[in-house]
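K.L.:
For reference, each letter of the sequence shown is one residue, going 11 to 151 in my numbering. Each residue gets a CB set at the ideal place from its N, CA and C atoms; glycine is no exception. So that we are looking at the same thing, I have put the structure below in structure tokens.
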Amino acid sequence: MRGSALGDRARNLESLPNRNKARSRCYGSWCYTAVMSNRTSTDVETVSVDAYVFDTLMHDLIGHDRAASAFVVYVHLWRRSLGAGEANVQTSLRDIAEGTGLSKRGVQDALTVLSRRQLVGISRRTLTDIPVYSVKRPWRR
């Protein structure tokens, strides 16, 4: 009985046009595995990241600054900008939060750390405009 109920939920999730768990109000591990099990190995993309990010920056942000969320947000913004071949990315706090699994407040705190460390530039035309983030790589001078 329980197995068929999970199967029905998974089929309902697959029929949704937006497969984002939070926006589809789908919670629990079955939501994630139902969508991810439909992916094939050809769906996987690779992204090139500087070795410095994992060798030094990860240790520095997580160990020294005690800001693991800052590292997660940095890698997320890297993927959305430099990983996609763009210099900047315009995205909202909500989109970053959904993409990383952090709360909006956690994303704000992480962006504060990244901005203070001059690892991310943040600009917007007006106070209420969606920010434009530029991932900086100060080690590549």
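#1: Which residues mark the beginning and the end of the alpha helix (DSSP H) in which GLY95 is found?
#2: Nearest to VAL57 by alpha carbon, out of LEU124, ARG135 and GLU96?
#3: Tell me which residue opens and which closes the beta strand (DSSP E) that VAL57 is part of.
#4: Please tell me whether ILE106 and VAL123 are closer than 8 angstroms, where the distance is taken between their beta carbons.
#5: Ignore the nearest five residues each way along the sequence and tell me which others in LEU112's own chain have a CB closer than 8 angstroms to its CB.
#6: Would VAL142 and SER133 qualify as a contact pair, given that the criterion is a beta-carbon distance under 8 angstroms?
#7: Are LEU103 and LYS114 touching if we call contact CB-CB under 8 angstroms?
#8: So, is HIS86 buried or exposed, given that buried needs 16 or more other C-beta atoms within 10 angstroms?
#9: Pull up the distance between the alpha-carbon of TRP149 and that of THR138, whole angstroms please.
P.N.:
In brief:
#1: Neither: GLY95 is in no alpha helix (DSSP H) and is coded neither H nor E.
#2: Nearest option by C-alpha distance: GLU96.
#3: According to the DSSP assignment, VAL57 belongs to no beta strand (DSSP E), since it is labelled neither H nor E.
#4: Result no, Cβ atoms of ILE106 and VAL123 do not sit closer than 8 angstroms.
#5: Contacts found: SER79, VAL82, VAL83, ILE106 and ALA120.
#6: When the beta-carbon positions are compared, VAL142 and SER133 come within less than 8 angstroms of each other.
#7: Their beta carbons are under 8 angstroms apart, which means LEU103 touches LYS114 by this criterion.
#8: Using a 10 angstroms sphere on the CB of HIS86, the tally of other CB atoms reaches 16 or more, which defines it as buried.
#9: Each residue's Cα considered, the two are about 32 angstroms apart.
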